[in-house]
Amino acid sequence: PILLYLGFYTLLQLIFGLLLRPDKASILAAAFCLVAGVAAWIPIYQAGRVKVTTETLQAALEDASRHKRIAALRFVEENTLEIRSVSIANEIKYSPHIQERYWLARALAASRDRASYDVLLFLLGDPHPNVVCQALYALGRRGDRTVIPEVIQTMKSSQSWYIQRYGYNTIRKLGWQQPAST
3 PILLYLGFYT LLQLIFGLLL RPDKASILAA AFCLVAGVAA WIPIYQAGRV KVTTETLQAA
63 LEDASRHKRI AALRFVEENT LEIRSVSIAN EIKYSPHIQE RYWLARALAA SRDRASYDVL
123 LFLLGDPHPN VVCQALYALG RRGDRTVIPE VIQTMKSSQS WYIQRYGYNT IRKLGWQQPA
183 ST
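This note's numbering applies: residue 3 is where the sequence shown begins, and numbers increase by one.
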């Protein structure tokens, strides 16, 4: 952020310096940087203000705003609730936003529905390692030992040590023990 500010400030000061005295160019460049910083901060601030309750959960999951959907998924995960509509989870698993798929995986950790299990298996193939790690974490929290072969396959096919570590933690949590070497 500091380098971005310095670059933007320097560019503006050079442009304004061609038109104004140096002291006025500096003040105007600083003012423009301040306005740009506030404009960039407003969406971030508003995204954190989304409040979800049990009554508004379903509407927030179906909302067009990804910020509301993410807040709803976080609410589900924090309160260990069940996502009632499988179609919503099936839509979110294709979201182009990593954060949304990440929170979907975490939210499905408490679910006992077979369809949510299939969504987690789908997320094991996600291109982003953080999403895969959270899907592995969620599978471990569910406590279903039948997932061990899929987790081992994910670990073997991944070059990411994060995924391998989360996979190992998952299978250990599910009771897997490494066979003795021969």
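Just so it is clear, CB atoms sit at the ideal spot from N, CA and C, and this is done for glycine as well.
Please read these numbers as outputs of a predicted model, since none were measured by experiment.
Q.
Taking the beta carbon of Leu75 as the centre, do at least 16 other beta carbons fall within 10 Å, making it buried, or is it exposed?
A. buried
Q.
So, does the segment 34 to 42 touch the segment 55 to 74, judging by three or more C-beta pairs under 8 Å?
A. Contact between the segment 34 to 42 and the segment 55 to 74 is not established, with fewer than three Cβ pairs separated by less than 8 Å.
Q) If you follow the alpha helix (DSSP H) that Trp163 is part of, which residue opens it and which one closes it? A) DSSP places Trp163 in the uninterrupted alpha helix (DSSP H) bounded by 163 to 175.
Q: Could you pull out every residue in the same chain whose Cβ sits closer than 6 Å to the Cβ of Ala73, ignoring the five residues on either side in sequence?
A: Val52, Val54
Q) Could you check where the alpha helix (DSSP H) with Gln101 kicks off and where it finishes? A) 100 to 109
Q) Taking the continuous alpha helix (DSSP H) assigned at Ile94, which residues delimit it? A) Its alpha helix (DSSP H) spans residues 88 to 94.
Q. Counting only runs that start and end within the segment 53 to 79, where is the beta strand (DSSP E) found for 3 or more residues in a row?
A. none
Q) How big is the Cα-Cα spacing for Glu57 and Tyr170? A) 38 Å
Q.
Quick check: Arg71 and Ile85, are their CB atoms within less than 8 Å of each other?
A. no
**Q.** Beta-carbon gap between Leu176 and Ala140 smaller than 8 Å
**A.** Going by beta carbons, Leu176 and Ala140 fall outside the 8 Å limit.
Q) Closest to Pro45 by CA distance: which of Leu30, Glu152, His69 is it? A) His69
Q) Can you name, in chain order, every residue of its own chain whose Cβ lies under 7 Å from the Cβ of Ser162, other than the five neighbours on each side? A) Pro131
**Q.** Whole-number beta carbon distance between Arg108 and Glu79, since they are thought to touch under 8 Å
**A.** Glu79 to Arg108, Cβ: 4 Å. Contact.
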